[in-house]
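Following: one structure in structure tokens, then a few remarks.
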Amino acid sequence: MPPRLQLAPHLRAALGSTAARPAAATPSMAALFSRLSAKRDGLHSGDDGDDGDDDDEDDGDAVDGWFETGRAHSRDVEEQCRGQKGRKARAQVNAWFQGGQTPLIRIKGKKGFDNLNAQRLSVTNLDQIQEWIDNGRLDVTKQITPKELIECGILGSVKDGVKLLGRGKETFSHPINIMVSRASADAIAAVEQAGGRVVTRYYTRLAIRRLLNGTSVNTETPLPQGKEHVEGVLEAARQGPYKYRLPDPTGREDMEYYRDPAHRGYLSHLLRPGENPSLFFGVPTEKKAKRKVRQRKKVAEEERIF
1 MPPRLQLAPH LRAALGSTAA RPAAATPSMA ALFSRLSAKR DGLHSGDDGD DGDDDDEDDG
61 DAVDGWFETG RAHSRDVEEQ CRGQKGRKAR AQVNAWFQGG QTPLIRIKGK KGFDNLNAQR
121 LSVTNLDQIQ EWIDNGRLDV TKQITPKELI ECGILGSVKD GVKLLGRGKE TFSHPINIMV
181 SRASADAIAA VEQAGGRVVT RYYTRLAIRR LLNGTSVNTE TPLPQGKEHV EGVLEAARQG
241 PYKYRLPDPT GREDMEYYRD PAHRGYLSHL LRPGENPSLF FGVPTEKKAK RKVRQRKKVA
301 EEERIF
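Numbering of the sequence shown is given in UniProt numbering, commencing with residue 1 and proceeding in unit increments.
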């Protein structure tokens, strides 16, 4: 639909001006159309129609200059700047694109993997434990287990276990009795030097949750093995107030870790004198040389001379 020309206001203004000035001649239609076209040109060029000398442009310091990468400088400039069509004109090449050749990941392959079965252990240090003890937030007279560490606020979440590290070992001075999943050699040495005791025990996420719920109890005694112990263990479990017991390790790596006295494992008492914590390499024993009994050949009676 073509635009409608608003001629009525301009006609009234023209007639009013002629009435005030009777000596002036009546404006013609050509003059009215020329004034209207000038008005429209001013609107398209950004002018508001005023005849004043006001400058509508921003000052040089008011707006920072900017330049959009990959575009033309202005709408009136008929330039592409990025060529015509294709990936480089519309977007950009991916960072991992290698020019169309065979990717290195296909040639060399992936190295390593995300071990979903690895244990996620919560970490605590000696300096944090000492700070909690100094502030009265951790009781030293009782054994410190993952339950106490979570309830006092040192650990905020339940994971597969707790690992004790030796940061702050130089200033640690509290004789504590602590049981965790893993402990570093520096942490063990610092606690024992202060008169404390460290025991490492096998925990799982479900076992720690049961300790927090009060349906299980923390103990250093493993489940005895053998058919002769089944009835006694079941009877004690029926009479006890707890519904569950802590599990023992079943994997080879976990069993070897808690059998090692250097790690202060709770299964280290099961080692016999001179036995290795490893379940693969046994204790070397002296093998006695077998006496070779030479069997005399039986000579047939008919072949005997005497």
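Built from N, CA and C at the ideal position, the CB exists for glycine as well.
Quick check on residue i: buried or exposed, where buried means 16 or more other Cβ atoms within 10 Å of its Cβ?
{"i": "V233", "result": "exposed"}
{"i": "G49", "result": "Here the model assigns G49 a pLDDT of 49, short of 50, so the residue's position is not dependable, and the following value carries that caveat. By the neighbour-count rule (16 or more Cβ atoms within 10 Å), G49 is not buried but exposed."}
{"i": "N115", "result": "exposed"}
{"i": "T215", "result": "exposed"}
{"i": "K147", "result": "buried"}
{"i": "P261", "result": "exposed"}
{"i": "K88", "result": "exposed"}
{"i": "I188", "result": "buried"}
{"i": "S28", "result": "exposed"}
{"i": "K108", "result": "exposed"}
{"i": "S157", "result": "exposed"}
{"i": "K110", "result": "exposed"}
{"i": "K85", "result": "exposed"}
{"i": "R210", "result": "buried"}
{"i": "W96", "result": "exposed"}
{"i": "V230", "result": "exposed"}
{"i": "P249", "result": "buried"}
Where do the N-terminal and C-terminal ends of the beta strand (DSSP E) with residue i fall, by residue?
{"i": "K163", "result": "161-165"}
{"i": "I144", "result": "Premise fails: I144 is in no beta strand (DSSP E) and is neither H nor E."}
{"i": "T204", "result": "First-last for T204: undefined, no H or E at that position."}
Taking the alpha-carbon positions, what's the residue i to residue j distance?
{"i": "K287", "j": "R259", "result": "27 Å"}
{"i": "Y266", "j": "L223", "result": "12 Å"}
{"i": "A8", "j": "F33", "result": "12 Å"}
{"i": "D134", "j": "T124", "result": "16 Å"}
{"i": "P277", "j": "E228", "result": "25 Å"}
{"i": "Y242", "j": "V217", "result": "7 Å"}
{"i": "M179", "j": "R264", "result": "10 Å"}
{"i": "Q193", "j": "K142", "result": "19 Å"}
{"i": "F113", "j": "H269", "result": "36 Å"}
{"i": "P247", "j": "Q92", "result": "56 Å"}
{"i": "L15", "j": "A30", "result": "15 Å"}
{"i": "A185", "j": "L104", "result": "41 Å"}
{"i": "L164", "j": "Q98", "result": "46 Å"}
What span of residues does the alpha helix (DSSP H) with residue i cover, start to end?
{"i": "V217", "result": "V217 -> no alpha helix (DSSP H), and no H or E assigned at all."}
{"i": "R90", "result": "87-90"}
{"i": "R106", "result": "104-108"}
{"i": "V191", "result": "185-193"}
Taking only beta-carbon atoms, is residue i less than 8 Å away from chain B?
{"i": "N135", "result": "Of the protein chains in this structure there is only one, and it is not chain B."}
Taking DSSP's pairing of strands, which residues face residue i in a bridge?
{"i": "residue 307", "result": "This structure leaves residue 307 out entirely; the chain is present only between 1 and 306."}
{"i": "R182", "result": "K163"}
Does the ligand HEM have even one heavy atom less than 7 Å from the beta-carbon of residue i?
{"i": "G109", "result": "In the structure on display, the ligand HEM does not appear, and there are no ligands present to speak of."}
- Message: To test your reading of the DSSP string, which unbroken alpha helix (DSSP H) runs of 4 or more residues are found completely within the region 116-142?
- Response: 126-134
- Which ranges does the alpha helix (DSSP H) cover as unbroken runs of at least 4 residues, wholly within the region 224-297, from first to last along the chain? 230-239, 252-258
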